[in-house]
Amino acid sequence: MPAVTIPPPVVVFECRCEQTVVGQQVYVIGSCEELGCWGIDLAVPLSTSSQQFPRWLSCAFELQTVDPGTSIEFKFLIKNADGSLVLWESGANRSFRCPDAGHLARVKGVFDRCPTVNISITVASATGATAAVATPEPGSGATTTTPPAPAAMAGCARKVPYLPPQDVLTALAEYRTQSVVELISTTHGNTKSLRERLEFIANVVTSRPASAVEMLRTLALLSLYWEWVATRVLFCGEDGRHFRPNHVAQSSKEIFDALVAYLDPAGKGDAHKGDTHSWALDVTEMVARRLMKLLPSFDAKFTATVPMTRIRDIAHRNDIPSDVKTEIKTTLQNKLHRCASPQDLVTCRSLLDKYRAQNLNPDFLSEFTAFESELTQFFNQQSYRERLDAVRDVLNSNAVDTFLKKIAESAFESCEAVYGYNAEGVLTKLMNALAAGVALRSQLYAVKDAQQVRVADVETEDTLTQLLCRTANVVEEKAPCLASDVLARTLVRVLRICLDSMALSGVVRPLSLLLSEECGTILECSEPMLNLACESLGQRVARICTTFSELVSATYDSESTQTLARNLGVQTATSALVAESFIRESFLFQVSRVASVLCATTQTTQHTVVCAGSEPNVRGRLVSCKGFEEAAPLLSSGDVGVIVAVEHLTGDEDVTTYPGLAGIVAKHEVPLLSHIGVRARQRRLPFVCIVSPTFNWSAFVQKFENSNIVFTPEAATGALVTKAESAATSPAPASKPAPPGRAVVLPLDAEAPCLSESSSNAGSPKFRRRRTRVCKGPGPTRFASALTVLAGKDIRAESCGSKAAVCAQLHELLEGTHLKAPPCLALPFGSIDAAFRSAVNQDAFSRYDALRKRLTSSSDAELPELCASTQRLVMDLALSREVVVKFRDAVALAFLANDVALLESQRLALYVRSSSSVEDNSEDAAAGVYESVTTTVTWSLPSGTTAAAVGTGAGLPANGTGAGHTAPGQATSGHAAFVATLHITELWLAVKQVWASLYAVRAVRARRGHEDAGDMGVLIQPVVNADWSFYAYTRAPASLHRAPGCCYIELVKGLGESLAGGGRSVGGGRGFRLLVSPQTKMVDLCGVWSMWGAVQADITPCFDALTEEELRPDYWKNLGIRLADIHLLETLLQRPQDVEGCVVNGRDLFIVQSRPQTD
């Protein structure tokens, strides 16, 4: 036997250090040559990354100058980029013992804190040495550690943070597997036997890599290596030593127990039991299940001191020829008992076939057959039925029998004989078999700690994969023969079974359970909501499957697998297909097929568009454009009856100022309550959205570009019927009124048309302008004497606008209710004039007044330059001392009184919003026409003063006193000193931005035709740190046949710009729709839509940003019940309300704004 070279000991240092700043680095220095002999310039650097911080790791390096067992002292330190010393650990030196040759020591510590933990694992050993955990030196401050039992690993995965899929993909790409590949390659070269290689895997797995991504990449390569060993792609020989099979069984048990402990108690089972989870852990479980299936059995009879004695008795039988005895002893018994390997099973089966052919003694053959079954069990090579028979004693045997019976009934031959390949009958049988399989898996899951049960569960999932493959084949082949609603409901039932199975496999368990429960709701839906819900379900399930496919591909990247294959002598072609074969053999691949069919079915049979109303024959000339702004010149030129086909809408376009606009066709979906959605309904503008990716937009535009067309958006079916009209026969665009108001996505009540025939100008439509009857502007001289900041009851509609008045009113009205409203301040109408009049340069006001008057009569060509000039004058307004004092007092009294925590933060975020005389009234919302700006106010606490003192008696008075109305004695010296520190420059800038928006081009155009030329009040509110933001109607439109008396609500994560305008939501570009009944508390999660998904296809799916609590099935019901309280606003304000609000801390509802519903 050739001599084996044992490599020197290797060490890796790990330090948790949070004291560094950008440009600094952690180093380790110590008493040996490899650690620089205490020379700072020779210290060994540690590195980190954005994903790993504050965890710092050194490279693995050999200790060639230190004898094994020698004590090595060391410390961590921090240095600047230029090498200068920043900080040296205090206290006594740390120490660890040099590991034995062929071992790797991972030395861990927390900067400036003891103890040090030194874990040693085998790198490569020809001696069969097992893993060891070194004992820290006495006096090092470390506690003595012993090798942890598998149960001690229970909490290790709890520390792994939740990572969205993209972050996991990035971490997988950044993690270098070269050291793992080299470790496996070196070990394989230095070992021969199955036992040695299994011990190596056990040592690595039980060492528990620190991060979830590191564990995943390591386990994936180890499982691939073991698969090649177990399936005899890599041959296992003898190592010249004698170890009975019980050593193999013991190592298998160590691996199994370590994996179970790593995955299950760490939040994987029982809906995670409150812990967050990581996609990396979910993929790790898939890899681990694959490895568990291939591990040798560690049943008690195999871990016994002298296992498998039956072969010894067989070899000593007296009823068989001597040459047979010799053959059994030399080729099987001795080999098995000194160095077991999978080849022994091949030898056993070959001998059994040979002896059967020789017609040897039946008793002998019976015993040999029993031994072959025993050896088959040892190497985990039993059939599926044998596996189920082996676990019957721990299960309800009826579940096993039922599943096997349903499998037989779903066989193609059985179905064909009974149903003649009737698709519905075949699918019913397959669904019954799938459901029985999931029921069996539920029982297996309950007792999953046993190896045979675990493996039976994995093989049951494999059987379900085969059944689901047949189901997908039938669906794909027979889909055209089935009624669309029947097919959709069938696919939802199939997906519900699949989602339950996915949850049992640990695949995004909370989300799988949530979607499974949602399937039950979907099955109760009727048209057209059924198709909307089915499409959303199919897209989300498909996205889960796609995400896992991406993660598996990144886990088994071709570079690592092919490098490992080359090092081990495995065919490159085999290694190149690892990821693809893993994906295609998985249950999720078949699930994705079913989800794709569901999406395709609903998209083609349900609707090409989603729209509202049933008014036929919308006439006009079709003009296509990339963005709505491209069509603005044409719409401003006097053309009438123009239907704009637009590829991308931001959600904030102004469609109210173009009399010639007859309708809009958008290539993608937008929220119902977005600015453009509200404006389109106010304008009574036909508006449809393409939601099907199968719709051929290019062909549609090419066919009808610049043609006079009639299109019919049918709300009942969602179909878009379009036909061209000849110029000779088609009536003039204005000869018929335009259709009634169209909603985006969900149908709304029909309203009166906005285009009518004009007797004074035949053939030309007259744009009917509404006359605003509420909140006429008070005129520019009302508050001309001084700029005033109002609070509380001083904020009234006639002086500050409806928006500010309602917000101030809500702050009082909602006291004592379940709802809350933030306090607010307001600048009244005429404040712009007052600011100009108080300015040092009085010429500025004269120029401003002249420009303002010119705007009322300017042409469209002059308008942009006049607006820009007026806005520049407003933005140039200086901040006077008087304004500073007023803003400081108002902000301090309204927002900071008695809030010690806020005062200590020394920062307040504010939302500065328009409250003009022509918005948020009963007839015109002017949604999004004027600016809303976020800003901050900062301050410092006077020297020697605490936040508590400033916020109570020695400082600010309690909330409730109006700004600018400080009572005698309230303005104490402490109060004055604190208020003087408030920095309100950014607030003043935000106020000017809102003022300037009064003179934006679209704002001036929108006001033309109103009796009121418009004035601008300003509303100031503290920003609410929202978990969810929502827009809601307290009374959903009556045309929603399932929603009489319900509230309609749209939500996104974080702030609500994604709903109002064109921004992306924090929740991965997804919005949620709820219908809630305030009376019955019934909650319907009626839709999930993609924010601009037609344009930005790479948006992360909605569930990436959801917490585990938000993924629980009962979360949406509880949230909906809480949101039902917004119906109170309708009672308080005496008419249906269009509400903007947010959810804070998962329970508190803040109403930020409320206005009358305008449709």
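So the sequence shown is numbered by full-length UniProt numbering: it starts at 1 and just counts up by one.
Backbone N, C-alpha and C define an ideal beta-carbon position, used for all residues, glycine too.
None of these values were measured; they are calculated from a predicted model.
Whole angstroms is fine: what's the gap from residue 995's alpha carbon to residue 940's?
In a straight line, the C-alpha of residue 995 is about 29 Å away from that of residue 940.
Taking the straight line between their C-alpha atoms, what separation do you get for residue 71 and residue 105?
One C-alpha to the other measures close to 13 Å.
Restricting to Cα atoms, I'd like to know which of 177, 558, 237 and 361 is closest to residue 196.
The candidate whose alpha carbon is nearest that of residue 196 is 237.
With DSSP as the reference, label residue 632 as helix, strand or coil.
Looking at residue 632 - three-state DSSP - the assignment turns out to be helix.
Count Cβ pairs between the stretch 251 to 259 and the stretch 199 to 206 that sit closer than 8 Å; are there 3 or more?
Contact between the stretch 251 to 259 and the stretch 199 to 206 is present, because at least three Cβ pairs lie under 8 Å.
For a quick check, are the C-beta atoms of residue 937 and residue 891 less than 7 Å apart?
Yes, the Cβ-Cβ distance between residue 937 and residue 891 is below 7 Å.
Using 10 angstroms around the beta-carbon of residue 739, count the other beta-carbons present and answer buried if the total reaches 16, otherwise exposed.
Residue placement at residue 739 is poorly supported in this model, since its pLDDT is 32, which falls under 50; the coordinates are not used for a value here.
Note down, in chain order, each residue of its chain lying with its Cβ closer than 6 Å to the Cβ of residue 643, except the 5 sequence neighbours on either side.
Answer for residue 643: 620, 622, 662 and 663, listed in chain order.
DSSP state of residue 1122, grouped into three classes?
Residue 1122: helix per DSSP, three-state reduction.
Which same chain residues end up closer than 7 Å to residue 290 when comparing Cβ atoms and leaving out the 5 residues on each side of it in sequence?
Within the same chain, residue 290 has close Cβ partners 223.
Quick check on residue 1161: does DSSP put it in helix, strand or coil?
The shown model of the chain, from 1 to 1159, leaves out residue 1161, and the question about it has no answer.
With a CB to CB cut of under 7 Å and the five nearest residues on each side skipped, what residues in its chain are close to residue 392?
Excluding residues within five positions, the ones whose Cβ falls inside 7 Å are 400.
Using three-state DSSP, classify residue 474 as helix, strand or coil.
Of the three classes helix, strand and coil, the one that applies to residue 474 here is helix, per DSSP.
Within the same chain, show all residues whose beta-carbon is closer than 7 Å to that of residue 997, passing over the 5 residues directly before and after it, in chain order.
Result list for residue 997: 914, 930, 931 and 1003, in chain order.
Quick check on residue 348: buried or exposed, where buried means 16 or more other Cβ atoms within 10 Å of its Cβ?
Residue 348 is buried by the Cβ-count criterion.
Span of the beta strand (DSSP E) holding residue 1155?
Element bounds for residue 1155: 1148 to 1156.
Looking only at C-alpha atoms, which of 64, 93, 339 and 521 sits nearest to residue 103?
For the residues 64, 93, 339 and 521, the minimum Cα distance to residue 103 belongs to 64.
Using 8 Å for Cβ pairs, my map puts residue 76 next to residue 39. What's the rounded Cβ distance?
Not a contact, Cβ separation roughly 15 Å.
I think residue 250 touches residue 305, with their Cβ atoms under 8 Å apart; what is that distance to the nearest whole Å?
Rounded, the Cβ-Cβ distance is 11 Å, inconsistent with contact.
Is the stretch 1137 to 1144 in contact with the stretch 1024 to 1034, if contact means three or more CB pairs nearer than 8 Å?
Result yes; three or more Cβ-Cβ pairs closer than 8 Å.
Assess contact between the stretch 213 to 229 and the stretch 170 to 182, defined as three or more Cβ pairs (one per stretch) separated by less than 8 Å. Is contact present?
A contact exists between the stretch 213 to 229 and the stretch 170 to 182.
Label residue 498 either buried or exposed according to how many other C-beta atoms from any shown protein chain fall within 10 Å of its C-beta, with 16 as the threshold for buried.
Classification for residue 498: buried.
Assuming residue 62 contacts residue 8 (C-beta within less than 8 Å), just tell me the rounded distance between them.
Going by Cβ atoms, the distance from residue 62 to residue 8 rounds to 5 Å, so yes, they are a contact pair.
With residue 103 as the anchor, note down where its beta strand (DSSP E) starts and where it stops.
Start and end: 103 to 110.
How big is the Cα-Cα spacing for residue 949 and residue 1150?
Roughly 29 Å separates the two Cα atoms.
Buried or exposed: where does residue 80 fall if 16 or more other Cβ atoms within 10 Å of its Cβ makes it buried?
It counts as exposed.
Buried or exposed: which applies to residue 1163, given that a residue is buried once 16 or more other Cβ atoms fall within 10 Å of its Cβ?
This structure cannot settle anything about residue 1163, because the visible part of the chain is limited to 1 through 1159.
To test your reading of the DSSP string, which unbroken alpha helix (DSSP H) runs of 4 or more residues are found completely within the stretch 458 to 537?
Entirely contained in the stretch 458 to 537, the alpha helix (DSSP H) runs reaching 4 residues are, in chain order, 484 to 504 and 509 to 523.
Buried or exposed for residue 281, going by 16 or more other Cβ atoms inside 10 Å?
Classification for residue 281: buried.
Residue 494 to residue 431, Cα distance in whole Å?
Cα to Cα, residue 494 sits roughly 6 Å from residue 431.
Between residue 22 and residue 15, is the Cβ-Cβ spacing less than 7 Å?
Their beta carbons are not under 7 Å apart, which means residue 22 does not touch residue 15 by this criterion.
If you run the structure through DSSP and keep just helix, strand and coil, what is residue 355?
Reduced to three states, the DSSP call for residue 355 is helix.
Helix or strand or just coil, what does DSSP make of residue 931?
Residue 931: coil per DSSP, three-state reduction.
If I follow the unbroken beta strand (DSSP E) through residue 645, where does it start and stop?
Unbroken beta strand (DSSP E) run through residue 645: 642 to 648.
Roughly how many whole angstroms lie between the Cα atoms of residue 1075 and residue 1148?
So the alpha carbons of these two residues sit roughly 19 Å apart.
What are the boundary residues of the beta strand (DSSP E) that residue 94 is part of?
94 to 97 is the span of the beta strand (DSSP E), which, as asked, contains residue 94.
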